[in-house]
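In this note's numbering, the protein residues as written are 131 to 315.
The beta-carbon is built from N, C-alpha and C at its ideal position, and this holds for glycine as well.
Remember, predicted model here, so these are calculated numbers, not experimental data.
Right, here's the structure in full:
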């Protein structure tokens, strides 16, 4: 069971403060995909067009919808960071990188147990110091953590549908990692 895989990696200090919750898989559609892609193209996070983990490098809208739809299960990893200066971009990047690393470690542990899974997180993939996009293929496709938004998932609506608080606060930040998966055969 996926809870057993989480339990194995929860000894890692990176997991301190995280909650793990099984939830229904998301059900994005063309409307939410178009809305998310429009938001992505505004490039407020600075990752659009710079990474294989964000549009347009991650794939077409149709490809991404098809990818999400092949998974029948989901878990969310949540951690709230209090007393954060949200204008301190360097600190936010450090927290985001650590969060993606946890999603990646969980994904790697799942694959070792035979799960088919897809890790999703905030912003572009942060595995490489400098992404090879768009000049060369992804150097580490088995380590890429892609953006939640590029799959048409409206995270606020999705979390509310799962009875999970989702809000923006001026002195804290909550990170959400979404792992879509299918049980091993």
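- Rounded to whole angstroms, the gap between the alpha carbons of residue 170 and residue 292 is 24 Å.
- One alpha carbon belongs to residue 194, the other to residue 219, and they sit about 29 Å apart.
- Segment contact: the segment 249-266 against the segment 159-167, fewer than three CB-CB distances shorter than 8 Å; contact not assigned.
- 8 Å or more divides the Cβ of residue 245 from the Cβ of residue 299.
- Look at residue 289 here: in three-state DSSP terms it is helix.
- In the three-state reduction of the DSSP assignment, residue 204 falls in the strand class.
- When only Cα atoms are considered, residue 252 and residue 138 end up about 24 Å apart.
- With the rule of 3 Cβ pairs closer than 8 Å, the segment 146-154 counts as touching the segment 281-296.
- Under DSSP, residue 178 forms no beta bridge with any residue.
- Judged by DSSP in its simplified three-state form, residue 236 adopts helix.
- Where residue 196 is concerned, the enclosing alpha helix (DSSP H) starts and stops at 191-199.
- Within the segment 143-174, the complete beta strand (DSSP E) runs of at least 3 residues fall at 149-153.
- Its chain contains 188, 255, 261, 263, 268 and 274 as the residues whose beta carbon lies nearer than 7 Å to that of residue 182, once the 5 sequence neighbours on both sides are disregarded; these appear in chain order.
- For residue 301, there is no enclosing alpha helix (DSSP H), as DSSP marks it with neither H nor E.
- The beta-bridge partner set that DSSP reports for residue 277 consists of 251.
- Here DSSP, grouped into helix, strand and coil, assigns residue 242 to helix.
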